[in-house]
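FYI, in my numbering the residues of the sequence shown are 54 to 393.
Below: one structure, written as structure tokens.
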Amino acid sequence: MVTAIPPVNAGLLLDLVENVRRVPTGRSVSIDFGTCDRDAALELISAWCLSSGNEIVSTEGSAVTVLHGRSPDPLAGLDPDQLPGSRVWVYTNFDCNLACDYCCVRSSPKAERRAIGVDRLRQIASEAAAAEVRELILTGGEPFLLNDLDELVGTCTDKLPTTLLTNGMLFRGSRLERLRRMDRSRLTLQISLDSATPDIHDSHRGAGSWVKAVAGIRTAHDEGFRVKVAATLPADQMHELEPFHGFLDTLGIVRHDQVIRALAHRGVAETGIELTVDSLIPEVTITADGVYWHPVAADHADQFVTRDIFPLADAIAEITRRFMEHRRSANAIAEWFPCA
54 MVTAIPPVNA GLLLDLVENV RRVPTGRSVS IDFGTCDRDA ALELISAWCL
104 SSGNEIVSTE GSAVTVLHGR SPDPLAGLDP DQLPGSRVWV YTNFDCNLAC
154 DYCCVRSSPK AERRAIGVDR LRQIASEAAA AEVRELILTG GEPFLLNDLD
204 ELVGTCTDKL PTTLLTNGML FRGSRLERLR RMDRSRLTLQ ISLDSATPDI
254 HDSHRGAGSW VKAVAGIRTA HDEGFRVKVA ATLPADQMHE LEPFHGFLDT
304 LGIVRHDQVI RALAHRGVAE TGIELTVDSL IPEVTITADG VYWHPVAADH
354 ADQFVTRDIF PLADAIAEIT RRFMEHRRSA NAIAEWFPCA
């Protein structure tokens, strides 16, 4: 309901109090302060809400909407690792030695590189540490295609614990030497493997890729790195989980480091779960083009947040603000889509 108010602040406040009392806790009322000075009226209403335990939920023109009581904290109940900005994802590049048929960001050998570059990544790592980010996650594309990957990783591990996503197929020659120069105490390798036998994995990623990925897992272990293994599975292949877990056990991958991801209908995938800003808890994600809501949509305009990577704290704050607005308007807990 909207009530016209004469240009007297005392009358405005009395009318607001009366209307709020008429509705149950959790419901809102709208008050039109008419010809009252807008700034003065909002200051008065804000002070009353603060002292009375109510909350302004919106203002538009000469109208203000006040909630009877306070809305729940949109971040309450989230695991600390799910809070926006607790970790930051960075796409080091978008080109890849594989062309997986469900790649969420359309990576392939033909994709434009769009590299983040060492200078920007150094600044990201520095500002992330200052913003109390707890972990950096580097992904692609395939990061091991980059000739300066050891330097890129070093700029991150110097500041924060870091996870590097890879298909694990390129650990040989000069690339193996780059791997060996990385900080084992601060870096986790997450290698993609979709099944306990080659058939399913190779059907999505290419013939012979399973054998090379398994060899990469073994190499990473032998080199002294903590290794996670991540599988992407469509719904009709979830029956493969138990034999897959058993196989990873034989490779020395502890259960906590066995990551199962649902197939997302993004990028080149023709099927999968529909994931939007309304259904995703955000994971701050940076590419050469700017900041995105979530890594699963880092090549999609609907989850683009801002071109301004820096100051990183401002980008994190903007994503947090939008997330809180979404949760308040939906009045429900968003669905978590785990990636790492």
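Think of the CB as a built atom: it goes at the ideal place given N, C-alpha and C, for glycine as much as any other residue.
Could you name the residues that DSSP lists as bridge partners for residue i?
{"i": "F30", "result": "The question about residue 30 has no answer, for the chain in this structure spans 54 to 393."}
{"i": "V337", "result": "Answer is none; V337 lacks a bridge partner."}
{"i": "S256", "result": "Note: S256 sits in no beta bridge, so no partner."}
{"i": "R140", "result": "E188"}
{"i": "I326", "result": "A317"}
{"i": "S161", "result": "D148"}
My understanding is that residue i touches residue j, with C-beta atoms under 8 Å, so please give their C-beta distance in whole angstroms.
{"i": "T145", "j": "G193", "result": "6 Å"}
{"i": "L294", "j": "A315", "result": "The Cβ separation is near 12 Å, so there is no contact."}
{"i": "R258", "j": "C153", "result": "5 Å"}
{"i": "V119", "j": "S161", "result": "About 53 Å; that fails the 8 Å criterion."}
{"i": "T338", "j": "W101", "result": "The Cβ separation is near 41 Å, so there is no contact."}
{"i": "F212", "j": "A178", "result": "The sequence given here places Lys at residue 212; Phe does not occur at that position. That belief holds up - the Cβ atoms of K212 and A178 are roughly 4 Å apart, short of 8 Å."}
{"i": "T373", "j": "P137", "result": "4 Å"}
So, are the CB atoms of residue i and residue j less than 7 Å apart?
{"i": "T187", "j": "R123", "result": "The question names Thr, but residue 187 in the sequence shown is Arg. Going by C-beta atoms, R187 is not nearer than 7 Å to R123."}
{"i": "H254", "j": "W263", "result": "yes"}
{"i": "G277", "j": "R237", "result": "yes"}
{"i": "A249", "j": "P296", "result": "yes"}
{"i": "N150", "j": "E195", "result": "yes"}
{"i": "L217", "j": "L189", "result": "no"}
{"i": "I369", "j": "A182", "result": "no"}
{"i": "F197", "j": "R228", "result": "yes"}
{"i": "A284", "j": "D247", "result": "yes"}
{"i": "A17", "j": "I326", "result": "Outside the shown range of the chain (54 to 393) lies residue 17, about which nothing can therefore be said."}
{"i": "H121", "j": "V171", "result": "no"}
{"i": "C89", "j": "L66", "result": "no"}
{"i": "Y155", "j": "A260", "result": "no"}
{"i": "P127", "j": "R380", "result": "yes"}
Short of 7 Å in beta carbon distance, which residues of its chain neighbour residue i, apart from the five on each side in sequence? Order them along the chain.
{"i": "A57", "result": "In this prediction, A57 scores a pLDDT of 43, lower than 50, which makes its location untrustworthy; the coordinate-derived value is nonetheless stated afterwards. Within the same chain, A57 has close Cβ partners D85, G87."}
{"i": "L269", "result": "In the sequence under discussion, the amino acid at residue 269 is Gly, which differs from the Leu named in the question. Around G269: G221, M222, F224, I244."}
{"i": "R239", "result": "T210, P214, T215"}
{"i": "D352", "result": "V158, R159, G320"}
{"i": "Q356", "result": "V330, Y345, W346, H347, A350"}
{"i": "R375", "result": "none"}
{"i": "N384", "result": "With a pLDDT of only 48 at N384, under 50, the local geometry of the prediction cannot be trusted, and no value is derived from it."}
{"i": "S111", "result": "T118"}
{"i": "R233", "result": "E276"}
{"i": "S99", "result": "I109"}
{"i": "A341", "result": "R167, A168, I169"}
{"i": "L95", "result": "T112, V117"}
{"i": "E371", "result": "V358, T359"}
Could you spell out the range, first to last residue, of the alpha helix (DSSP H) harbouring residue i?
{"i": "V10", "result": "Residue 10 is absent from the model: the chain starts at 54 and stops at 393."}
{"i": "Q243", "result": "Per DSSP, Q243 belongs to no alpha helix (DSSP H); it is in the beta strand (DSSP E), 240-245."}
{"i": "V171", "result": "171-183"}
{"i": "T215", "result": "That residue, T215, is in no alpha helix (DSSP H); its beta strand (DSSP E) goes 215-219."}
{"i": "S248", "result": "No alpha helix (DSSP H) contains S248, which DSSP labels as neither H nor E."}
{"i": "P77", "result": "Run containing P77: none; DSSP gives neither H nor E here."}
{"i": "P296", "result": "294-303"}
{"i": "D203", "result": "202-210"}
{"i": "A100", "result": "91-105"}
{"i": "S227", "result": "226-233"}
Please list the terminal residues of the continuous beta strand (DSSP E) segment that includes residue i.
{"i": "Q311", "result": "311-315"}
{"i": "E108", "result": "108-113"}
{"i": "D85", "result": "81-85"}
{"i": "K281", "result": "279-286"}
{"i": "V267", "result": "Where V267 is concerned, there is no enclosing beta strand (DSSP E), although the alpha helix (DSSP H) it sits in stretches over 262-275."}
{"i": "E188", "result": "188-192"}
Quick one: residues in its chain with C-beta nearer than 6 Å to the C-beta of residue i, no 5 flanking neighbours on either side, listed in chain order?
{"i": "E378", "result": "none"}
{"i": "R231", "result": "L202, D203"}
{"i": "T272", "result": "F224"}
{"i": "V61", "result": "Any reading at V61 is ruled out, since the residue's pLDDT is 45, under 50, leaving its predicted position unreliable."}
{"i": "V70", "result": "none"}
{"i": "R279", "result": "T241"}
{"i": "R166", "result": "N146, D148"}
{"i": "R360", "result": "G343"}
{"i": "P251", "result": "W263"}
{"i": "P391", "result": "Confidence at P391 is low in this model, with a pLDDT of 49, below 50, so the placement of that residue is unreliable and no value is reported for it."}
For residue i, which residues of its own chain have a beta-carbon under 8 Å away from its beta-carbon, when the five flanking residues on both sides are left out?
{"i": "H298", "result": "R308, Q311"}
{"i": "L199", "result": "T145, N146, A168, L205"}
{"i": "E180", "result": "F363, P364, L365, A366"}
{"i": "A116", "result": "V55, S83, I84, D85, F86"}
{"i": "K281", "result": "T216, T241, L242, Q243, I244, I306, D310, Q311, V312, A393"}
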